[in-house]
Structures are given as structure tokens and as C-alpha cells.
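In our numbering, the protein residues as written are 22 to 303. Beta carbons: idealized from backbone N, C-alpha and C, even for Gly.
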Amino acid sequence: LLNEKVYDQNFDIGGPDILTYKEMLLEFAKVRGFKRWIFTVPVMTPKLSSYWLYFVTSTSYKLAVSLVESMKVEVVCRDNRINQILEVNPEGYTQSIERAFTKIESNQIISSWKDSQISGVKQINISDFIDVPNHGCYKDIRERKIISQKDVIDKIWRIGGDNGWYSANLLWKIRGIIDKIFGGVGLRRGRTNPTHIETGDALDFWRVLYADKEEGRLLLFAEMKVPGEAWLEFKIEKDKLIQTATFRPNGLLGRLYWYSVLPFHGIVFRGMINAITKQKNV
């Protein structure tokens, strides 16, 4: 962006390969060692295709619609002057897939689409939600004594994704399915890195608002579909862990929602903090 040679000009940016979506999917399967067959279904409308893509993948509905709509348009990069100006040589599609999975396998993921706020969830300004409210809110606060701060922090920083939520994972999965049905992001987003968390990361259907290992505090904001706003906080104070779930309801529906899920809190939140603070067998 700071290169004066590209000022006041338009460029096409893309790789050297010209492929259809079908060719891209088949090549992806080949690189990953999968055997896949693609059949043309005449009765699938763009809207039905968008819903299908949304339910069987981790993408948001808005992104699914955009992907399906893009299949109608042929996009071929013709003006590649920018490659010469910036002295770059774009990789081919196959090489890009191989390099991407090499980075994924070594946890060298600089950024991911799921960490951006392009999904169907409400786009938030982190600074607006980092101060968890107290008035007009329902809270579930649990405390446990801890022996090893390091072990507890390590467990907290591995929460979500393939590691699950340490307790009642079936209930979390059901909540994720319900979220998907109502147009939310569900649990399929997972997490970008299995052990590292940064502010702004997506964590299943949560967004990381604050993450500081030295301080021993992790604050999450819910991007799931709820009639209100929800936070989940883990905070270490001296020799104890404080786990706080906060819900600010939106009207009567929000209050009814809180009381409808209240019976499950004992299973989900008590089990979660017990598992996090449980000591390893020596």
C-alpha cells in the first residue's frame, strides 16, 4: 500500500491457474488424499445450495450465500502488471493448498477467515464489550481453590475446539446445532491454534475479548444466537479460580431464555470449573 508505483491504479490480483469450482474441489481432494465424486443436481437452487453449504461446513450463512452466488460469475485475472511491479510470482492452486496445510500442521496460522467478523453474527467493537456489566444482568459465579496456577492457565488456554469444554460436551454440541438452525455460527469454527489464544480470535461460538496469561484472565463474548448478550470469564486471583458467566437479557424473551437454561448450568459450568481445577495424578 505504501508503494508509489501502484498509486491511482487498478489491478487484478490472482494466481496463475484458471479453474472452475468443481476442478478446485477435486484438486483439493487429490492433494489431501481423498476420493470424491461430484454430481450435478438440477433441482438445487442457489438458496438451497447456500443452506446446504451452511449446515455441512463451518462457514457462516452470509459467506455461504456469497460463495454460491460467485459461481454464477466468471472471474479471471487478466491485468497482472502488479506481479512485475511488486516483483512477486504467485503460487499455483495446488502449491497454495500444500503450503497452507504445512502451516496448519505446524500451528503457523497467521490468520484465518473464522477470526474475521465477516459472518452473519453482529459485528462488534471489542472495546464496547470488554467491560462486563453488572446492572440488569444474570450471573453464574463459581470459585475453586487451585494449587498450580500454571496447570490451570494451560487448561483454560486450551479450551474449546477439539479439546472441548471439559464438561457436558454433548450439551455444547446440541447448543451449537441449535445455534446453526437459527442462523448462528455454531461450534464448527473451532479455534485457530490448539494452545495459543489472542484477543480477537474466534473460539467456537465465542469471540476472545481479552487474553492475558500473566494476569491469568480470559474473557469471551458470545457470538451465538441469544436474546441478549453473554460473557464467559476465567480469572485467577491468588490461590483461586473465578469462573463467571454473565447474561444481559434483551426484554422478556431474554429473561425466559436465562431461566430455561438455568437447570443446565449446574452440569455445564460446575463440571467445567471442576475439570479445569482438577489436579493431575502424580
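Cβ pair residue i, residue j closer than 8 angstroms
| i | j | result |
| --- | --- | --- |
| tyrosine 82 | glycine 211 | no |
| leucine 239 | isoleucine 218 | yes |
| glycine 249 | proline 270 | yes |
| valine 89 | serine 117 | no |
| glycine 292 | serine 188 | yes |
| isoleucine 151 | isoleucine 257 | no |
| leucine 74 | threonine 80 | yes |
| threonine 298 | isoleucine 198 | no |
| aspartate 33 | aspartate 100 | yes |
| glycine 16 | cysteine 98 | Residue 16 lies beyond the range of the chain shown here (22 to 303); nothing can be said about it. |
| phenylalanine 229 | glycine 221 | Residue identity differs from the one stated: residue 229 is valine in this sequence, not phenylalanine. Contact: yes. |
Beta-carbon proximity list for residue i, same chain, < 6 angstroms, skipping 5 on both sides
| i | result |
| --- | --- |
| aspartate 267 | Per the sequence shown, residue 267 should be read as threonine rather than aspartate. So the qualifying residues of the chain are Val153, Cys158, Lys160, Trp252. |
| aspartate 38 | Gly113, Tyr114 |
| arginine 53 | none |
| isoleucine 294 | Arg163, Arg165, Gln264 |
| lysine 201 | Gly207 |
| phenylalanine 255 | Ile177, Leu239, Gln264 |
| valine 86 | Ser71 |
With 16 other Cβ atoms within 10 Å as the buried cut-off, status of residue i
| i | result |
| --- | --- |
| tryptophan 186 | buried |
| serine 91 | exposed |
| phenylalanine 290 | buried |
| alanine 232 | buried |
| tyrosine 280 | exposed |
| arginine 102 | exposed |
| alanine 121 | exposed |
| tryptophan 3 | The requested residue 3 is not part of the displayed model; the chain covers only 22 to 303. |
| threonine 213 | buried |
| glutamate 25 | exposed |
| glutamate 244 | buried |
| glycine 272 | exposed |
| valine 109 | exposed |
Residues that residue i bridges to, as DSSP identifies them
| i | result |
| --- | --- |
| valine 229 | Leu241 |
| leucine 224 | Arg212, Trp227 |
| valine 166 | Looking at the sequence provided, one finds lysine at residue 166 rather than valine. Partner(s): Lys261. |
| tyrosine 159 | Phe268 |
Sequence-distant residues of the same chain with beta carbon closer than 7 angstroms to residue i, five excluded per side
| i | result |
| --- | --- |
| arginine 179 | Pro215, Thr216 |
| valine 303 | With a pLDDT of 43 at valine 303, under the threshold of 50, the modelled position of this residue cannot be trusted, and the question is left open. |
| phenylalanine 49 | Ile118 |
| alanine 296 | Tyr187, Ser188 |
| lysine 261 | Glu164, Arg165, Lys166, Ile167 |
| glycine 275 | Pro248, Gly249 |
Cut-off 8 angstroms between Cβ atoms - residues of its own chain near residue i, not counting five sequence neighbours on either side
| i | result |
| --- | --- |
| phenylalanine 285 | Ala189, Leu192 |
| asparagine 184 | Pro215 |
Query - Ordered list of beta strand (DSSP E) runs contained in the segment 235 to 287, each at least 3 residues - result: 238 to 243, 249 to 258, 261 to 270
**Report entry** Continuous alpha helix (DSSP H) assignments of at least 4 residues falling wholly in the segment 79 to 124
**Finding:** 82 to 91, 102 to 107
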